[in-house]
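One structure below.
Residue numbers (the numbering used here): 1 to 454.
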């Protein structure tokens with residue numbers, strides 16, 4: 001009983017801060033959209049295009065930070081704090097090289113990057129200043145992500161949450177002051193929004209690093225222990241991380257393909273899908289903490305060679321995710337009409353949106369389970385190559401082809417297209433669940449490194 005109580009206490013300690021941080025980031029994005037939305041269509045489009053460009057670096061850094069998390073969790077489970085710092089140093093070196101070069105390129109020729117996504121001259125002329133200022137914040141974003149990954153993997157998830165809370169509040173205040181010229185400040189419009197975001201990201205970066213060194217948290221070491229990294233760790237790290245980067249890329253390309261499918265079906269269909277996106281993002285954000293907690297707690301056990309406990313934890317996380325997501329799904333389905341009624345759209349679009357929300361609610365358990373299995377459990381054992389194969393197969397052999405056939409060839413309504421596309425989640429769940437029970441993913445990466453070093 002005590003062991004079960006300790007498990008759920010650990011889940012609470014990690015999952016709740018990560019969930020709250022996800023919600024804070026969603027609030028930040030929503031607030032930015034609302035405030036910038038007052039400046040007109042061109043401003044909204046400029047921010048949208050800049051966000052797509054930021055998404056390129058975000059995908060790479062997400063894969064890199066996941067790799068850092070995998071090794072940090074296992075090293076921490078093996079009580080090897082020195083190696084935790086070394087894997088942080090490795091993440092910082094790679095992350096800085098990429099984010100700095102990307103930042104310089106975007107800063108030097110922002111219009112070129114914008115022209116990759118839009119041919120609208122007004123958007124390019126107005127948006128390049130926004131993007132140029134935003135590019136200065138790419139390195140601070142990288143630093144925040146790497147240190148946050150270390151803190152979450154070592155059970156200190158509350159610190160990134162606290163820092164994000166401050167950053168969100170600061171961004172909202174600065175937006176109010178700099179966009180509209182309140183409290184005697186000049187009204188800078190879109191440029192003010194970019195400056196507000198940049199300042200918030202720099203402060204967020206300084207606060208997270210400051211907290212690490214002020215309170216001697218994991219990663220608070222000198223340059224010698226941070227950047228002198230054993231070659232076996234470098235080789236192993238890249239062997240695990242490059243499939244993570246490919247998986248993130250496959251996900252982005254898949255989501256882009258789905259967006260194209262829905263948009264080509266018609267304006268009403270795209271509108272019906274679009275108004276469900278905030279609800280989908282909110283639900284996934286609410287349950288994202290379970291995947292993070294699974295990665296940390298299962299990884300800790302694998303690093304300590306406690307494979308039976310690791311498997312038991314994995315099963316508990318899957319059950320917990322299914323139970324919670326089924327409850328949330330029922331609530332969403334019951335409130336679908338109320339949610340859709342908040343939007344000023346045609347009755348046909350409303351009915352279509354209700355069907356889409358119900359489909360999403362019905363498959364939420366599979367989406368959450370896959371997030372826990374692939375993003376948390378399998379990756380915690382360094383099983384990133386299998387995850388890549390599973391994700392790419394489900395998306396490109398099932399999801400995208402079925403979506404194209406149903407929408408373009410058989411001319412089915414959008415909610416049926418979405419339903420069939422969502423079946424890929426069930427297929428992915430089946431492969432992932434079987435992999436969990438096979439135990440093939442259960443690798444102690446720390447022991448592998450120790451053997452290579454001997």
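For every residue, glycine included, the Cβ atom is placed at its ideal position computed from N, Cα and C.
Nothing here was measured: the structure is a model prediction, and the numbers come from that model.
Pairwise C-beta distances place the segment 355-371 in contact with the segment 309-327, as three or more of them are shorter than 8 Å. Between the segment 335-355 and the segment 255-265 there are fewer than three inter-stretch CB-CB distances shorter than 8 Å, so the stretches are not counted as touching. In the three-state reduction of the DSSP assignment, residue 268 falls in the helix class. Sequence-distant partners of residue 176 (beyond 5 residues in either direction) whose C-beta falls short of 7 Å from its own C-beta, in its chain, are 182.
In the DSSP assignment, residue 388 falls within the unbroken alpha helix (DSSP H) covering 384-393. DSSP places residue 286 within a helical segment (H, G or I) once states are collapsed to three. Under the DSSP assignment, residue 91 falls in the alpha helix (DSSP H) whose first and last residues are 81-108.
Fewer than three pairs of CB atoms, one per stretch, sit closer than 8 Å, so the segment 268-284 makes no contact with the segment 49-60.
In the three-state DSSP reduction, residue 441 falls in the coil class, being neither helix nor strand. Rounded to whole angstroms, the separation of the alpha carbons of residue 10 and residue 95 is 29 Å. Three or more beta-carbon pairs separated by less than 8 Å link the segment 64-83 to the segment 298-308, which places the two stretches in contact. The alpha-carbon separation between residue 441 and residue 279 amounts to approximately 33 Å.
Secondary structure of residue 251 (DSSP, three-state): helix. Taking C-alpha positions only, residue 417 is separated from residue 250 by approximately 20 Å. Shown here for residue 204: same chain residues with a beta carbon closer than 6 Å to its own, the five before and five after excluded, namely 144, 163 and 167 in chain order.
Runs of the alpha helix (DSSP H) lying entirely within the segment 280-357, each at least 4 residues long, are 307-334 and 336-340 in chain order. For the pair of segments examined, the segment 241-256 was found to touch the segment 385-398: the number of CB pairs separated by less than 8 Å reaches three. Nearest in C-alpha terms to residue 170, of all of 57, 150 and 193, is 193. Assignment of residue 396 by DSSP, reduced to helix, strand and coil, places it in the helix class. If you check the CB distance, residue 295 and residue 153 come in under 9 Å.
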